[in-house]
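Residue 686 is where the sequence shown starts when you use the working numbering, and the numbers rise one by one after that. Glycine residues also receive a C-beta, built at the ideal position from the N, C-alpha and C atoms. So the structure is just underneath, and the comments pick up after that.
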Amino acid sequence: MNGLYIAFAPLQGYTDATYRRAHWECVGGVDEYYTPFVRNEKGEIRKKDLRDTDPATNAGVPTVPQVIARDGDEMARLCDALQGQGWRRIDLNMGCPFPMQVRAGRGSGLLQRPDCIAEIQREMQRRPEVLFSVKMRLGQESIDEGLAAMSIINEMPLIHVTLHPRLGRQQYKGATDREAFLRLMEECRHPMVYNGDIGLTSLPSLLGREGETTPSKGVMIGRGLLAKPWMLSDKEPAEVLHNMHAVVYRHAVETLCGDSQALTRLHAFWEYVDIPHKQKKAIMKATSLPRYREAVTAAMQVF
Ligand SMILES: Cc1cc2nc3c(=O)[nH]c(=O)nc-3n(C[C@H](O)[C@H](O)[C@H](O)COP(=O)(O)O)c2cc1C
């Protein structure tokens, strides 16, 4: 892809280690896969999150673990845990818009707290062995927050900054703001990666304004790739879906307890996939594995 960096965005509940491996082995075409954020909960790092970043589980898949932290102390604990697992590459989430995280000063809520960002910046400086990156939004309430944060982000030792040009308070509503992306890019001394709504139209047209080549390092794609996992390959959609589904299905039935847990995971696999409504509805309505398998077989035949 002309040397353009392409990342698979982290999507909590969708892009777990099994999904990432399924995509990497059946499709590829992506430089790095970001894990959903690893978090501190009640003073402890969630065990489930650390299982997802277990290097053995991710072996051979180009993976970037992501953390969400509200201050230097949380950042230190999360980095210790990941470095303890052997990671030397960590992404910091400064963009999650979920109210619970924002209220706790994490995600896009962190963009409103320059002191906490500065603590995190100092924590990063203490770990020269780690390649850090940041994933952020324009701000929580206004782009002024993102602009103010950028002066501290510029002091962080980062390989790039991924920017999703919406405000936290917008969650996923409204159009992405390309002008605002360019404005923050002017202020940012790190390479920038564009993220937001890519895959809904063709890839190249999203990389800059009409007729322009993008000055950004590359793109990160989330829901577009969940919808069309084959998007970056010349493989047949049916073949990609069949092969990826086989990996996710096997893992779900072998590791999760009972049909209902397995079905919850399997339904998530299909939630965003670009197949006709009727076939998707049949898959989502299936309450037993035999019914589910029938519905999947029928869906595969529409390609
Ligand atoms: C269900 C869901 C879960 C997400 N989980 C994360 C996450 O764990 N970490 C993160 O940085 N972003 C997360 N995001 C944001 C995506 O990574 C991405 O920034 C956003 O979806 C916009 O990109 P897209 O339009 O290509 O999907 C999540 C988004 C969705 C819809």
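Contacts around residue i, its chain only, beta-carbon distance under 8 Å, and the 5 residues preceding and following it disregarded
i: Glu921; result: Trp915, Phe988
i: Pro842; result: Met809, Gln810, Pro813, Phe817
Cross-strand partners of residue i (DSSP beta bridge)
i: Val723; result: Val752
i: Ala937; result: According to DSSP, Ala937 bridges with nothing at all.
i: Ser818; result: Asp776
i: Phe693; result: Tyr718, Ile906
i: Val878; result: Thr847, Gly903
i: Ile730; result: Asn725
Where residue i falls: helix, strand or coil (DSSP)
i: Ser649; result: Beyond the ends of the chain as shown, which are 686 and 988, falls residue 649; an answer cannot be given.
i: Ala971; result: coil
i: Pro850; result: strand
i: Lys966; result: helix
i: Asn928; result: helix
i: His845; result: strand
i: Arg774; result: strand
i: Gly688; result: coil
i: Ile802; result: helix
i: Ile960; result: coil
i: Gly893; result: Bear in mind that a pLDDT of 47 at Gly893, under 50, signals an unreliable position, so the number given afterwards is only what the model happens to contain. Residue state, collapsed to three classes: coil.
i: Leu823; result: strand
i: Trp915; result: coil
i: Ala744; result: coil
i: Gln810; result: helix
i: Asp737; result: helix
i: Cys781; result: coil
i: Val981; result: helix
i: Glu921; result: coil
i: Ile883; result: coil
i: Glu632; result: In the structure as shown, the chain starts at 686 and stops at 988, and residue 632 therefore has no counterpart that could be examined.
i: Asp701; result: coil
i: Phe866; result: helix
i: Phe954; result: helix
i: Gln768; result: helix
i: Cys873; result: coil
i: Gln855; result: helix
i: Gln986; result: coil
i: Glu706; result: According to the sequence shown, residue 706 is Arg rather than Glu. It is helical.
i: Thr861; result: coil
Beta-carbon proximity list for residue i, same chain, < 6 Å, skipping 5 on both sides
i: Asp862; result: Pro850
i: Ile960; result: Ala984
i: Thr748; result: Tyr718
i: Val991; result: For the chain, the structure presents residues 686 to 988; residue 991 sits outside this window and is missing.
i: His845; result: Ser818, His875, Pro876, Val878, Lys902
i: Ser890; result: Only weak support exists for where Ser890 lies, its pLDDT of 46 falling under 50; the value from the coordinates is given anyway. No residues qualify anywhere along the chain.
i: Phe954; result: Val933
i: Thr700; result: none
Residues of its chain near residue i, where Cβ-Cβ distance is below 7 Å and the 5 sequence neighbours each way are ignored
i: Phe866; result: Leu848, Pro850, Tyr879
i: Tyr690; result: Asp716, Val878, Lys902, Gly903
i: His936; result: Thr703
i: Asp882; result: Thr861
i: Pro799; result: Ala833, Ala834, Ile837
i: Gly698; result: Ala953
Pairs of beta-carbons, one from the segment 732-752 and one from the segment 783-797, closer than 8 Å: are there three or more? no
Within 8 Å, do at least three Cβ pairs link the segment 726-742 to the segment 814-830? no
Validate contact between the segment 972-984 and the segment 934-949 using beta carbons, cut 8 Å, 3 pairs: yes
Three-pair Cβ contact test at 8 Å for the segment 756-763 versus the segment 795-809: yes
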